[in-house]
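In our numbering, the protein residues as written are 1050 to 1264. Below: one structure, written as structure tokens.
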């Protein structure tokens, strides 16, 4: 069965909706420009509420050591998701500094971007494939833009590898995305929102139900 990550959660109600519906991972965003950004204190409350019920992922974007240490001490996530321009060396440093596994987001526009994932082999615990925002997209975020990439680029050759599929997923297309890519884990944020940063509890439940039934 496919694992599901619901990212960009910011309320206890949405955390409960995700976990009660079967989410395996819950994501908390630490990026001020994002409508899903949470403070460390907010994140601590949410993480403490979720702890032991789902794995907690802290999404960071080129965070410095001081920010990482503060998040690590106060929120104590299970994993970090490096969603910026972190190099393979920086991913290693994040893991060493926090003592936690690191997911590295790779933004995909074409097959050359997928090839870049190999640079993180042995450094990132998992690769998350997200859609690369076009240069013409105004106010684009590192993630959560609601855009999909060509899933056929991943192909069936990746079905035996651990990775996370993200980017433009929603309850209406996640089953097809899983069939095309063989993704063992899917990740959604904007695809289960009624407005930027506002999670729709019914969409969360529908997404998880659909993803868990897919294959």
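Where is the CB? At the ideal position from N, CA and C, for every residue including glycine. If you're wondering where the values come from, they're calculated on a predicted model, not measured in any experiment.
Exposed unless 16 or more other CB atoms sit within 10 angstroms - verdict on residue i
| i | result |
| --- | --- |
| residue 1113 | exposed |
| residue 1148 | exposed |
| residue 1269 | Lying before the first or after the last residue shown, residue 1269 is absent from the chain, which here runs from 1050 to 1264. |
| residue 1259 | buried |
| residue 1220 | buried |
| residue 1146 | exposed |
| residue 1122 | exposed |
| residue 1134 | exposed |
| residue 1170 | exposed |
Which residues DSSP lists as bridging residue i, in chain order
| i | result |
| --- | --- |
| residue 1074 | 1054 and 1104 |
| residue 1178 | 1155 and 1214 |
| residue 1128 | 1106 |
| residue 1235 | 1053 and 1214 |
| residue 1122 | According to DSSP, residue 1122 bridges with nothing at all. |
| residue 1247 | 1244 |
| residue 1079 | 1109 |
Cβ distance (whole Å) where residue i is taken to contact residue j below 8 Å
| i | j | result |
| --- | --- | --- |
| residue 1119 | residue 1151 | Going by Cβ atoms, the distance from residue 1119 to residue 1151 rounds to 17 Å, so no, they are not a contact pair. |
| residue 1127 | residue 1106 | 7 Å |
| residue 1253 | residue 1070 | 6 Å |
| residue 1245 | residue 1084 | 4 Å |
| residue 1212 | residue 1232 | 7 Å |
| residue 1055 | residue 1237 | 6 Å |
| residue 1216 | residue 1180 | 3 Å |
Backbone secondary structure at residue i - three-state DSSP
| i | result |
| --- | --- |
| residue 1166 | helix |
| residue 1135 | coil |
| residue 1172 | coil |
| residue 1149 | coil |
| residue 1265 | A query on residue 1265 cannot be resolved here, the shown segment of the chain reaching from 1050 to 1264 and no further. |
| residue 1222 | coil |
Spatial neighbours of residue i in its chain, beta-carbon cut-off 8 Å, leaving aside the 5 residues before and after
| i | result |
| --- | --- |
| residue 1102 | 1068 |
| residue 1202 | 1157, 1159, 1160 and 1163 |
| residue 1079 | 1086, 1087, 1089, 1092, 1107, 1108, 1109, 1110, 1112, 1116 and 1120 |
| residue 1256 | 1053, 1055, 1218, 1219, 1220, 1223, 1237, 1240 and 1241 |
| residue 1168 | 1137 |
| residue 1099 | 1064, 1068, 1075 and 1105 |
Spatial neighbours of residue i in its chain, beta-carbon cut-off 6 Å, leaving aside the 5 residues before and after
| i | result |
| --- | --- |
| residue 1141 | 1172 |
| residue 1200 | 1226, 1229 and 1230 |
| residue 1050 | 1261 |
Neighbour flag for residue i against chain D, beta carbons, 7 Å
| i | result |
| --- | --- |
| residue 1146 | Within the model displayed, chain D is absent; a lone protein chain is all it includes. |
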